[in-house]
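Be aware that the sequence shown starts at 65, since it is given in the numbering used here, and climbs by one per residue. Even glycine gets a Cβ: it sits at the ideal position worked out from N, Cα and C.
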Amino acid sequence: MLIPNPEYFETLTFLVKNCLITEILSFAQYRNATFYCINSKQLFMDVNNFNPFLRLQAVRKDEHLFELKVTASNGRYFGTTDVYDTPEPILKFAETLIGFPQDNSDLLYETGFKNEYSSFSMHFYRIDKAGHIAVEVNLEDNIKTAFKYEQKNKIRIEIIVEQKAIQKFQKDLSRLASKKEGIAILNGKDDAIAN
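Encoded structure:
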């Protein structure tokens, strides 16, 4: 596992101000990722080393709502968005994950506003009769750019997961919703077939 030192993070953050790279750098603390500095304003990341994952982090909270930063990769594609929700729907969804997939065929959690501000969904389902499980993750957001007032970004990926990873994710998700703080990570399996 590659864990760059703090000076490395400060230097790269300085070079790529106000870019998504800041989020990717924090991600690199617990994933294999190789970074290459192209010039003083660009950074290239080798994503061939990523393991599939889904990560939810509570970043802000108030009396009723909290903001979630959602990040996901299937090992090839990577995306992130910010959404808002209350603890109750997340707690309810976490409860439905108990015993999955034995008791349920499909599970869906959605939050945000599709085709408007930002949204996130995760859809758990069996992919075969042997009980293998996948989660389809949909992320979207609107951002302001220099060329457009609003630009829509969307990504839909599938992550293959194991029962044990779902159990850990369920506990982390319950804790995150109860306290409105923390991180819940669902680690996936690398299912790519080498050519």
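Which residues DSSP lists as bridging residue i, in chain order
i	result
A248	L120
F233	Paired residue(s): none; F233 is not in a bridge.
Candidates the options, of which the one nearest residue i by Cα
i	options	result
N251	A198, T145, T150	A198
D170	V147, H196, D146	H196
N202	F188, P151, D192, F157	F188
N138	I249, H128, I223	I223
V147	I230, L129, I219, L118	L129
F164	K218, R220, E226	E226
E204	P116, F184, D149, A194	F184
Q231	R124, E159, D149	E159
Q166	E174, T150, A194, K156	A194
Residue i - containing beta strand (DSSP E), residue span
i	result
R190	182-190
A136	130-137
D170	170-176
Element boundaries [alpha helix (DSSP H), containing residue i]
i	result
E152	151-160
Simplified DSSP state of residue i, which is helix, strand or coil
i	result
D126	coil
I102	Any reading at I102 is ruled out, since the residue's pLDDT is 43, under 50, leaving its predicted position unreliable.
K243	helix
F164	coil
K253	strand
Residue i at chain E interface by Cβ criterion, 8 Å
i	result
D236	Among the chains of the structure shown, chain E does not appear; only one protein chain is present.
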